[in-house]
Amino acid sequence: MTTTDILLCALGAVAIGAALRVVTTRHLVRAGLWLVVALAAMAGCYLVLTAELVAWVQVLIYVGAVVVLLLFATMLTRAPIGPSDELDRARIPAALVGLGAGGGLAAVLIFGYRWTKVELSAPGTAAELGQEIFSGWVLPFEVLSVLLLAALVGAIVVSRSTRGSGHGLREGAKH
Amino acid sequence: MHPVIPYVIAALLFGIGVYGVLVRRNAVLVLMAVELMLNAVNLVLVTADATVRAYTGQTFALFVIVLAAAEIGVGLALVLQLFRLKGAIVLDDVAVDDVAAVDNPVDNLVDKPVDKS
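Which chain is which? The protein sequence lines are A and B, in order.
In this text, residue positions in the first sequence follow this note's numbering: the first is 246, and each later residue adds one.
In this text, residue positions in the second sequence follow this note's numbering: the first is 983, and each later residue adds one.
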């Protein structure tokens, strides 16, 4: 066990514990806050694994933007404050499938990699990653930018408040 | 560094995400579980990149993060629209063949021209 391994184990334990809280907590808002912990621990894992730029992008986009969006959505949809028992379906089948997926993948990876050891190289900087993206992956990069634009326009169109959906709101309030 | 450690962490996180997607009834919580699954995939990509230093894994991890941002934007817009229509975002209440909630969904999304006369 090297320092890297110990750091990865600790950060992984934090991430897995926080992720478990995200899917089991009975408080809606706390699920979002535990998600921050899980995502930050994952960013720490990326840092240890020498992916510096990915770690900071993770902090910026996930912890900074995605979680804030999720919390906004939680508030806008009148989430119950305090514990609520109606967040979950039957747990046993879902736990079986989740355990099957996680355990199966873990078994395959353990079988594939055993206890092999890899020497980490020097931390990757943004310059090298940018070189890689803009030399080998320019087309996917541009396609992604178009996709982002399309997703933004789509989100605006879908969430736009029109008279038609105002009608829907009155209908929904009657239930 | 033993690559099996981050790989196992990623596999377990993915399993937790699958459990969350299946067990949660609130649409926002389902989206959170999906984020966990996407992050597990990112961890696999970054670990693979660290074992074979080629920067391809990190590139794809960045792409996945961008895709997740797009997904969360559209997903939350849909969730808010669902809340407007139904007054709740409980996924069990959404029938797949439910067309009665709106008279004509397309008409409701498009602004009708205002009659000026």
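From the three backbone atoms N, C-alpha and C, an ideal C-beta is built for every residue, glycine too.
As the structure is a prediction and not an experimental result, all values here were calculated from the model.
Assumed close pair residue i, residue j - CB separation to whole angstroms, cut-off 8 Å
i                  : j                  : result
ARG334 of chain A  : VAL1072 of chain B : In fact, because the Cβ distance is near 10 Å, the residues do not count as touching under 8 Å.
PRO985 of chain B  : THR1041 of chain B : 19 Å between Cβ atoms; not a contact.
LEU265 of chain A  : ILE987 of chain B  : In fact, because the Cβ distance is near 18 Å, the residues do not count as touching under 8 Å.
ALA1043 of chain B : VAL383 of chain A  : Going by Cβ atoms, the distance from ALA1043 of chain B to VAL383 of chain A rounds to 17 Å, so no, they are not a contact pair.
LEU284 of chain A  : ALA993 of chain B  : Contact flag wrong, Cβ pair sits at about 18 Å.
SER329 of chain A  : GLN1063 of chain B : Going by Cβ atoms, the distance from SER329 of chain A to GLN1063 of chain B rounds to 23 Å, so no, they are not a contact pair.
LEU1025 of chain B : VAL1046 of chain B : Between VAL1046 of chain B and LEU1025 of chain B the Cβ distance is about 11 Å, and since that is not below 8 Å, they are no contact.
Limits of the unbroken alpha helix (DSSP H) element including residue i
i                  : result
VAL1012 of chain B : 1009–1033
VAL281 of chain A  : 273–293
SER366 of chain A  : Note, SER366 of chain A: premise wrong, no alpha helix (DSSP H); not H, not E.
MET320 of chain A  : 312–321
ILE261 of chain A  : 248–269
Pair within 8 Å by beta-carbon distance, residue i and residue j
i                  : j                  : result
VAL1023 of chain B : LEU389 of chain A  : no
GLY1055 of chain B : LEU1013 of chain B : no
LEU253 of chain A  : VAL293 of chain A  : yes
GLU1017 of chain B : VAL311 of chain A  : yes
ALA1052 of chain B : LEU393 of chain A  : yes
PRO368 of chain A  : THR295 of chain A  : yes
ALA1015 of chain B : VAL268 of chain A  : yes
VAL1000 of chain B : ALA346 of chain A  : yes
LEU995 of chain B  : ASN1021 of chain B : yes
LEU278 of chain A  : ALA324 of chain A  : no
ALA286 of chain A  : LEU316 of chain A  : no
LEU365 of chain A  : MET1019 of chain B : no
LEU332 of chain A  : ARG1066 of chain B : no
TYR358 of chain A  : TYR989 of chain B  : yes
Burial state of residue i, where buried means 16 or more other Cβ atoms lie within 10 Å
i                  : result
VAL402 of chain A  : exposed
ASP1031 of chain B : buried
ILE991 of chain B  : buried
ILE261 of chain A  : buried
THR249 of chain A  : buried
PHE379 of chain A  : exposed
THR247 of chain A  : exposed
LEU1011 of chain B : buried
Contact with chain B by residue i, beta-carbon distance below 8 Å
i                 : result
GLY369 of chain A : yes
GLY289 of chain A : no
PRO328 of chain A : no
ARG271 of chain A : no
ARG336 of chain A : yes
ALA255 of chain A : no
Residue i Cβ short of 7 Å to the ligand MN heavy atom set
i                 : result
ALA352 of chain A : This structure does not include the ligand MN; it has no bound ligands of any sort.
CB contact check: residue i to chain A, cutoff 8 Å
i                  : result
VAL1078 of chain B : no
VAL1048 of chain B : yes
ILE991 of chain B  : yes
VAL1056 of chain B : yes
VAL986 of chain B  : yes
VAL1028 of chain B : yes
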